[in-house]
Amino acid sequence: MAAQEGLHRIRLVGKAILVLGLFLDAIALVGCLTASLFHESPWTTGFAPFGIALSMIGAGILLAAWIIEGFALPPRPPHE
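All residue numbers for the sequence shown refer to my numbering, where the first residue is 61 and numbers rise by one.
This is how it looks when you write it as structure tokens:
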């Protein structure tokens with residue numbers, strides 16, 4: 061049971077980091093679109109590298125949790 065709880069917490073952290081990264085990417089995209097509409101400089105593009113990096117880290121954590129889950133949990137019987 062401890063392995064399941066630990067993997068659940070790892071997945072929760074991975075999802076939170078992924079969502080934060082995607083949110084920063086969305087802010088950068090919306091800022092670029094509004095800046096092009098109003099002919100201003102896109103000051104929100106600074107969020108994009110952090111958002112991309114956080115998205116990659118979150119996806120990596122989720123992938124690692126998925127792989128660890130395959131080794132940590134007992135095999136399930138096949139469906140009949």
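Note that the Cβ used here is the ideal one computed from N, Cα and C, for glycine as well.
Hey, how far is the Cα of Leu80 from the Cα of Gly74? In a straight line, the C-alpha of Leu80 is about 10 Å away from that of Gly74.
Outcome for Leu93 when other beta-carbon atoms lying within 10 angstroms are tallied against a minimum of 16: Leu93 comes out exposed.
Roughly how many whole angstroms lie between the Cα atoms of Ala119 and Trp126? Using only the alpha carbons, I get a separation of about 10 Å.
Could you tell me how far apart the beta carbons of Gly111 and Ala88 are, in whole angstroms, since I believe they sit closer than 8 Å? Confirmed, Cβ separation roughly 6 Å.
Suppose you measure from the CA of Thr105 to the CA of Ile121; what does that come to, to the nearest Å? The straight-line gap from Cα to Cα measures roughly 25 Å.
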